[in-house]
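J.: Have a look at the structure that comes next, please.
Number of protein chains: 2
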Amino acid sequence: MAADQLSRVFSALADPIRRDMVARLAVGDATVNQLAEPYDVTVQAVSKHLKVLEDAGLVSRSREAQRRPVHLEAEVFDLMTKWIERYRRQAEERYRRLDDVLRRMPDDVEPVPPTQEGAVQ
Amino acid sequence: MAADQLSRVFSALADPIRRDMVARLAVGDATVNQLAEPYDVTVQAVSKHLKVLEDAGLVSRSREAQRRPVHLEAEVFDLMTKWIERYRRQAEERYRRLDDVLRRMPDDVEPVPPTQEGAVQ
DNA sequence: GTTTTGTTCAACCACGTGGTTGACAACACC
DNA sequence: GGTGTTGTCAACCACGTGGTTGAACAAAAC
């Protein structure tokens, strides 16, 4: 799927192995073989995982003799956190205001079912 | 894939339609048909998307006559942000300290390539 | 120049997923 | 009762993906 970068980033981090690689790369750069060592899969599989992370912009690779050290690019995280925070804040805001309305509302009033268009009342 | 919840949440948000649904649900609850309206897919497809979001714990559904209003559960976002922030902070910390080392280092010293085990030097 | 090391590419396979259509259940409304 | 609305379930299909093996390539080491 994917196409847009945000989708690629979320998709890349949906895999436990890839998340674990990111976690280890946060500690320091590593080569493909170093990264592959703890997992019970072939080096080729890890190489594929790295391609996914690279396409998502989460890692970059330099050249150093015949090795290709992998480097974590932390900036892309911002894309996600911004997206997440935006809608979480919006949702929380909404509940807060809804609470206000409910608190103000006399008990005998039939609560209206919330609608999509009606925004937040 | 998936299994663990973190994987399910990331995977659920890797789809643009599902992300858009979450964005709209942040504004207010909605029924399946309301959610399906803007997209060029069948209601059944949207129903499937909602199942994915529900399995990830991102939305919940109540029963209200024959309608099933969908409600956004914002708390699950914390799971992601915690994971993301942890490793971003770690990575940034690492670069900061690496900068220190480089700044302190005399020019004629050969910089050692960072290793996985060697942590951060 | 040959061999070893590190990594990728190509072909394949099993399985999951996003989409479809069609049938069906549950409730509201005449 | 019958009819329309809302939503799900089942079966199917095309395609992507994570894994494999085997070959290829590039740079070091011998």
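Quick mapping for you: the protein sequence lines, in order, are chains Y and R. Letter by letter, the first sequence follows residues 1 to 121 in this note's numbering. Letter by letter, the second sequence follows residues 1001 to 1121 in this note's numbering. Even glycine gets a Cβ: it sits at the ideal position worked out from N, Cα and C. Since this is a predicted model, take the numbers as computed values, not measurements.
Under a three-way DSSP split, which group does residue 26 of chain Y fall into?
T.: Reduced to three states, the DSSP call for residue 26 of chain Y is helix.
J.: Examine chain R for any beta-carbon lying closer than 7 Å to the beta-carbon of residue 14 of chain Y, and answer yes or no.
T.: Yes, because at least one Cβ of chain R sits closer than 7 Å to the Cβ of residue 14 of chain Y.
J.: At 7 Å on the CB atoms, spell out the chain Y contacts of residue 1057 of chain R, in chain order.
T.: Near residue 1057 of chain R there are no residues of chain Y at all, since even the closest Cβ is about 14 Å away, more than 7 Å.
J.: Residue 1070 of chain R lies in the beta strand (DSSP E); which residues open and close that run?
T.: Element bounds for residue 1070 of chain R: 1070-1072.
J.: Have a look at the DSSP bridge pairing and note the partners of residue 1064 of chain R.
T.: Note: residue 1064 of chain R sits in a beta bridge opposite R/1067.
J.: Checking contacts by CB at 7 Å: is residue 36 of chain Y closer than that to chain R?
T.: So, not an interface residue.
J.: Residue 1012 of chain R: which of R/1087, R/1080, R/1096 and R/1090 sits nearest, CA to CA?
T.: Minimum Cα distance to residue 1012 of chain R is reached at R/1080.
J.: Can you tell me whether residue 95 of chain Y is buried or exposed, with buried defined as 16 or more other CB within 10 angstroms of its CB?
T.: So residue 95 of chain Y ends up on the exposed side.
J.: Which residues in the same chain as residue 14 of chain Y place their Cβ atom closer than 8 Å to its Cβ, once the five residues preceding and following it in sequence are excluded?
T.: Closer than 8 Å at the Cβ level, and outside the excluded window around residue 14 of chain Y, lies no residue.
J.: Given a cut-off of 7 Å on the beta-carbon distance, is the pair residue 1070 of chain R and residue 1045 of chain R in contact?
T.: No.
J.: Does DSSP put residue 152 of chain Y in a helix, in a strand, or in coil?
T.: The first residue shown for chain Y is 1 and the last is 121, placing residue 152 of chain Y beyond what the model contains.
J.: Strictly by DSSP, which residues pair up with residue 1059 of chain R?
T.: R/1072.
J.: Measure the C-alpha to C-alpha separation of residue 34 of chain Y and residue 1088 of chain R and round it to an integer number of angstroms.
T.: Taking the straight line from one Cα to the other gives about 21 Å.
J.: Could you tell me which chain Y residues have their CB closer than 9 Å to the CB of residue 1081 of chain R, listed as they occur along the chain?
T.: Residues of chain Y passing the Cβ test: 80, 81, 84, 85 and 88.
J.: May I ask you to list, following chain order, the residues of the region 45-71 of chain Y that have a beta carbon less than 8 Å from some beta carbon of chain R?
T.: Those would be 64 and 69, in chain order.
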